[in-house]
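Undergrad: In order, the protein sequences belong to chains Z and V.
FYI, in our numbering the residues of the first sequence are 1 to 409.
FYI, in our numbering the residues of the second sequence are 1001 to 1409.
Submitted below is the structure of interest, expressed as structure tokens.
Protein chains: 2
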Amino acid sequence: MAYRALTEQEAVEYVRNLPDFFTAGGELSSHEIGDGNLNLVFHIREDATGKSVIVKQALPYARVVGESWPLTLDRARIESEALGIQAKYAPDLVPNVYHFDADLALTVMEDLSDHVIMRKGLIAGNRYPEFAKHIGRFLARTLFFTSDIGAHPYEKKALVGRFINPELCKITEDLVFTDPYEDADTNNFNPLIREEVEAIWNNAALKKEIAHLKYGFLTKAQALLHGDLHTGSIFVTETSTKVIDPEFAYYGPIGFDIGAVVANLLLNYAGQHGLKSDPADRAEYRQYLLETLESVWSEFASQFIRLWHTQAKERSAHVEGFWQDFISDVLQDTVGYAGCKILRRVIGLAGVADLNSIEDDTIRAEAERLALAIGEALILQRANIKEVTDISELVKQVTQAIDHQEASI
Amino acid sequence: MAYRALTEQEAVEYVRNLPDFFTAGGELSSHEIGDGNLNLVFHIREDATGKSVIVKQALPYARVVGESWPLTLDRARIESEALGIQAKYAPDLVPNVYHFDADLALTVMEDLSDHVIMRKGLIAGNRYPEFAKHIGRFLARTLFFTSDIGAHPYEKKALVGRFINPELCKITEDLVFTDPYEDADTNNFNPLIREEVEAIWNNAALKKEIAHLKYGFLTKAQALLHGDLHTGSIFVTETSTKVIDPEFAYYGPIGFDIGAVVANLLLNYAGQHGLKSDPADRAEYRQYLLETLESVWSEFASQFIRLWHTQAKERSAHVEGFWQDFISDVLQDTVGYAGCKILRRVIGLAGVADLNSIEDDTIRAEAERLALAIGEALILQRANIKEVTDISELVKQVTQAIDHQEASI
């Protein structure tokens, strides 16, 4: 069947024709619920049985910008294949995929309506006690088993070939690593922080570090990344975590995925300035966020190291001192990429609700200044980060400095 | 036509059937002249016209080991495609390819019989005044235009996909980066240097650095490398240089190709201990080799930097200070990879004639000890190498220390 974007009704007919989903001739409802930027998402449900599925279809353009920004449908293949690999290593942490249609760039998958998008949950001030353990395991296992350390050398190289993803990578190259650091048309920031943004555009030391991090994104083919692991790509309940939307998957630096999680926890941390008005509440929730951040890293690192010691396929893995250096490099990359992802969410095209839902422009600007200061500090000081608690310390120092600055104005 | 290894006579018939090479019905001679490890090489000549070609055919196994080591025929495609890309950027520095046959894994190319293999030329004590300029340009242009700095991001990623080369990379991974540093069956070294080899096997600091360099070989997808750029892959005359045999081509660290050239100049430098008996002659030729090494780097760096400033496609290329850091990283990689390639030629499966042609075991052992000491110093001290003259200084220091040591025994 040649590609065409489905209507709600066509999506129902499509899944009705698949065996084993719904009662033959049963009544199905269909709602397009996509709030992302690149895809149609249909929620299809049979009230009589309570059964439901999600039909996700890639559009041949970036929805956020319009049809003027064409975008490959191959990303649907990338996403379904990445979900398959992630399911192999962390089956409980990704949605089940029931069916993939390459011609329609369409995937039928598990309905996760009983979960909430983690970003919304954090904005609502909820806590997810299992999250750090789950995402740490997801990161450790998906990254280890697709790396040169954990995969056979032929398998790794075959995967590199399957996940060459130039168009989606280009979005990241432009929107995360380039446009925000110059006066680009795509940028979109609060006019009240123009002074701070211009200071970033003129900060030669910072821009050089970002150029290095971008070059790492372009060249460090370390593991099959999710590629866009922000809190909008994670569904949660108190007891369950599901990672979705790996259409940006490609072979890149391990720290880029971990850094995305870290960045989005810290964007919420910065947003607390406007999200919670009571200082004690705010401090307590921020502490929860920093503890979560530390646990994400610790879970990742301990599981990754355990896999390294027990399941490495690479013969040099057991050379004395190598794994310690390796983990230390990943931590510094994590910190640097977290910094870039924070800056771009404040300055660049795609903001985050953790900040954008703060209605008062002045208060939002204060939260954004804190985010910028944290992002900048992470990038410039990442070589000094030896343990994950150094990140929390740095974030607290920056927060105090910014609070002090604002109090003295 | 299904694959079969050709005989000399079949090779003649094959080229006779191609248009525009030889006189119809003319008398052709055919000689299999391959002295490499992996391929058949036929030299076919028509005496009446003086016309000649080379027919290179990949064997489905590694000839050096025998039919027990199967090896993909896809390497013939990789080689012919790599030659095509190199010809685009340095047309005078590679052989012309006239014809490629994927089924037979066979390439018909320019006959370079008027050139000599550079390794033989250096062993004979010849000098090649144009070599450094030529190879520096070859490196600068082929590496720049296939890198993320010089290629469009889509073009670079497409090239990564075309040059995924797992089986040939595995040979390098094993024989350059792993086997020589442990007591592996493939190793093949002079029994007189066992003590020094065992010291390497027990040198934890050295092995850790080699593990890092191997990991860089596995993950740093910086540019389309030749992949095996030793002096046996370079044909020379006094005025011409031709780089052949890029069947190991893949996306890897830029310093790996430059390091191969550096390593092979230094292997000849070490071999001079036995190749030239007169100390003054030896010192003079060694000085020529070090000056050549310095010129190779300087030509590479100056041309690469000029391309960077004038032809970069990557937007971050012009960020202040980035190119200086980049060149400095490439120099340190060059030094590290040169060190590995020196060590493996002394300890591992495939030696070099620069050392192996020294007939006296004791004198050869002295040359090999010098090579090991140079290789080790390059790997361990590469972080201190800031300019190419630091390499020459280090080599001279190591040479003096070894000379002193042998004099005092």
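Note that the Cβ used here is the ideal one computed from N, Cα and C, for glycine as well.
Give a yes or no on contact between the stretch 1034-1053 of chain V and the stretch 1145-1154 of chain V, applying the rule of three or more CB pairs nearer than 8 Å.
TA: In short, these stretches do not touch, since the Cβ pair count stays below three.
Undergrad: Which term fits Z/H212, buried or exposed, when burial requires 16 or more other beta carbons within 10 angstroms of its beta carbon?
TA: Locating residue 212 of chain Z in the first sequence gives position 212, where the first residue counts as 1. Result: buried.
Undergrad: Report the neighbours of V/I1054 on chain Z: residues whose CB is nearer than 9 Å to its CB, in chain order.
TA: Taking the first residue of the second sequence as 1, we reach residue 1054 of chain V at position 54. Simply none; closest approach about 30 Å.
Undergrad: Buried or exposed, going by whether 16 or more other CB atoms sit within 10 Å of the CB of Z/T241?
TA: For the purposes of this step, residue 241 of chain Z is taken as the residue at position 241 of the first sequence. Buried is the call here.
Undergrad: Indicate whether at least one CB of chain V lies closer than 9 Å to the CB of Z/S410.
TA: For chain Z, the structure presents residues 1 to 409; residue 410 of chain Z sits outside this window and is missing.
Undergrad: Should V/K1220 be flagged as near chain Z, meaning a C-beta pair shorter than 9 Å?
TA: Sequence index remark: in the second sequence, residue 1220 of chain V carries index 220 (1-based). So yes, V/K1220 belongs to the interface.
Undergrad: Once you ignore the five residues that flank V/E1294 on each side, which residues in its own chain have a CB closer than 7 Å to its CB?
TA: Taking the first residue of the second sequence as position 1, residue 1294 of chain V is located at position 294. Cβ within range, chain order: V1388, T1389 and S1392.
Undergrad: What are the boundary residues of the beta strand (DSSP E) that includes Z/M109?
TA: For this step, residue 109 of chain Z is matched to residue 109 along the first sequence. Z/M109 -> beta strand (DSSP E) spans L106 to E110.
Undergrad: Kindly list the residues whose CB is nearer than 7 Å to the CB of Z/F189, restricted to its own chain and excluding five residues on each side of it in sequence; keep chain order.
TA: In the first sequence, counting from the first residue as 1, residue 189 of chain Z sits at position 189. Counting only Cβ-Cβ distances below 7 Å, and skipping sequence neighbours, we find V197, V346 and I347.
Undergrad: Would DSSP call V/D1361 helix, strand or coil?
TA: Residue numbering aside, residue 1361 of chain V sits at position 361 when the second sequence is read from its first letter. Here V/D1361 sits in helix by DSSP.
Undergrad: Mapping DSSP to helix, strand and coil, what is V/S1277?
TA: Looking up residue 1277 of chain V in the second sequence gives position 277. V/S1277 falls in the coil class under three-state DSSP.
Undergrad: With which residues is Z/N39 paired in a DSSP beta bridge?
TA: The count along the first sequence starts at 1 and reaches residue 39 of chain Z at position 39. Z/A58.
Undergrad: Comparing C-alpha positions only, which one of Z/E291, Z/D361, Z/A312 and Z/L168 sits nearest to Z/W69?
TA: Translated into positions along the first sequence, residue 69 of chain Z becomes position 69. Here the closest residue by C-alpha is Z/L168.
Undergrad: Which residues share a DSSP beta bridge with V/Y1250?
TA: Here residue 1250 of chain V refers to the residue found at position 250 when the second sequence is read from its first residue. V/Y1250 is bridged to V/L1225.
Undergrad: Quick one: does the C-beta of Z/I164 sit closer than 8 Å to a heavy atom of the ligand SAM?
TA: You won't find the ligand SAM in this model; it holds no ligand whatsoever.
Undergrad: Who are the Cβ neighbours of Z/Q86 in its own chain at under 8 Å, not counting the five residues just before and after it?
TA: As a working note, residue 86 of chain Z is residue 86 in the first sequence. Closer than 8 Å at the Cβ level, and outside the excluded window around Z/Q86, lie L93, V94, F138, T142, H226, V243 and P246.
Undergrad: Can you tell me which of the three DSSP states V/V1236 falls into?
TA: Here residue 1236 of chain V is taken as the residue at index 236 of the second sequence, counted from 1. Here V/V1236 sits in strand by DSSP.
Undergrad: Thinking just about the alpha-carbon of each residue, which of Z/I342, Z/I358 and Z/A338 is nearest to the one in Z/I385?
TA: What you label residue 385 of chain Z is simply residue 385 of the first sequence in a count that begins at 1. Nearest of Z/I342, Z/I358 and Z/A338 to Z/I385, Cα basis: Z/A338.
Undergrad: On a CA-only basis, which of V/A1367, V/L1380 and V/L1349 is nearest V/E1406? Give me that one, please.
TA: Looking up residue 1406 of chain V in the second sequence gives position 406. Out of V/A1367, V/L1380 and V/L1349, V/A1367 has the C-alpha closest to the C-alpha of V/E1406.
Undergrad: Bridge partners for V/P1070 per DSSP, in chain order?
TA: The sequence position of residue 1070 of chain V within the second sequence is 70, counting from 1. Beta-bridge pairing links V/P1070 to V/Y1061.
Undergrad: Check the Cβ-Cβ distances between Z/T178 and every residue of chain V, and say whether any is below 9 Å.
TA: Within the first sequence, numbered from 1, the residue matching residue 178 of chain Z stands at position 178. Interface residue, yes.
Undergrad: Please say whether Z/L355 and Z/L378 have beta carbons closer to each other than 9 Å?
TA: Numbered from 1 along the first sequence, position 378 holds the residue referred to as residue 378 of chain Z. Numbered from 1 along the first sequence, position 355 holds the residue referred to as residue 355 of chain Z. No, they are not a contact pair.
Undergrad: I need the straight-line Cα distance from V/T1292 to V/V1041, nearest angstrom please.
TA: Mapped onto the second sequence, residue 1292 of chain V falls at position 292. Mapped onto the second sequence, residue 1041 of chain V falls at position 41. Each residue's Cα considered, the two are about 30 Å apart.
Undergrad: Is there a C-beta anywhere in chain Z that falls below 9 Å from the one on V/R1382?
TA: By 1-based counting over the second sequence, the position of residue 1382 of chain V is 382. Judged by the 9 Å Cβ criterion, V/R1382 is not in contact with chain Z.
Undergrad: In terms of DSSP beta bridges, what is V/S1052 paired with?
TA: As a working note, residue 1052 of chain V is residue 52 in the second sequence. In DSSP, V/S1052 forms a bridge with V/R1045.
Undergrad: Checking the sheet assignment: what are the DSSP bridge partners for Z/T241?
TA: As a first step, residue 241 of chain Z is located in the first sequence; it is residue number 241 there, counting from the start. Z/V236.
Undergrad: For V/F1100, which residues does DSSP report across the bridge?
TA: Walking along the second sequence from the start, residue 1100 of chain V turns up at place 100. In DSSP, V/F1100 forms a bridge with V/T1107.
Undergrad: What do you get for Z/M1, buried or exposed, if any count of 16 or more other CB atoms within 10 angstroms of its CB means buried?
TA: The residue you call residue 1 of chain Z lines up with position 1 of the first sequence. Exposed: under 16 other Cβ atoms inside 10 Å.
Undergrad: Would V/E1173 pass as an interface residue toward chain Z - the criterion being a Cβ-Cβ separation below 9 Å?
TA: On the second sequence, position 173 is the one that residue 1173 of chain V refers to. By this cut-off, V/E1173 is an interface position.
Undergrad: Out of curiosity, what's the CA-to-CA distance linking V/P1060 and V/L1106?
TA: As a working mapping, residue 1060 of chain V is identified with position 60 in the second sequence. As a working mapping, residue 1106 of chain V is identified with position 106 in the second sequence. If I take the Cα positions, the gap works out to 12 Å.
Undergrad: Which residue comes first and which comes last in the beta strand (DSSP E) that contains V/H1031?
TA: On the second sequence, position 31 is the one that residue 1031 of chain V refers to. Unbroken beta strand (DSSP E) run through V/H1031: S1029 to E1032.
Undergrad: Please list the residues of the stretch 200-215 of chain Z that have a C-beta atom closer than 9 Å to any C-beta atom in chain V, keeping them in chain order.
TA: Residues A204, A205, K207, K208, I210, A211, H212, K214 and Y215.
Undergrad: Give every residue of the same chain whose Cβ lies closer than 6 Å to the Cβ of V/G1336, excluding the five residues on either side of it in the sequence, and list them in chain order.
TA: Counting from one through the second sequence, the residue named residue 1336 of chain V turns up at place 336. Cβ within range, chain order: L1213, I1379 and R1382.
Undergrad: At the level of alpha carbons, what is the spacing between Z/I33 and Z/P279?
TA: Position 33 of the first sequence, counted from the start, is the residue given in the question as residue 33 of chain Z. Position 279 of the first sequence, counted from the start, is the residue given in the question as residue 279 of chain Z. So the two alpha carbons sit approximately 36 Å from each other.
Undergrad: Rounded to the nearest angstrom, how far is the Cβ of V/P1053 from that of V/V1116, given a contact under 8 Å?
TA: Stepping through the second sequence from its first residue, residue 1053 of chain V is reached at position 53. Stepping through the second sequence from its first residue, residue 1116 of chain V is reached at position 116. For clarity, residue 1053 of chain V is Val in the given sequence; the question names Pro instead. Contact doesn't hold; Cβ gap of about 19 Å is too wide.
Undergrad: With a cut-off of 9 Å, does the C-beta of Z/Y154 fall near any C-beta of chain V?
TA: Position 154 of the first sequence, counting from 1, holds the residue named residue 154 of chain Z. So, interface residue.
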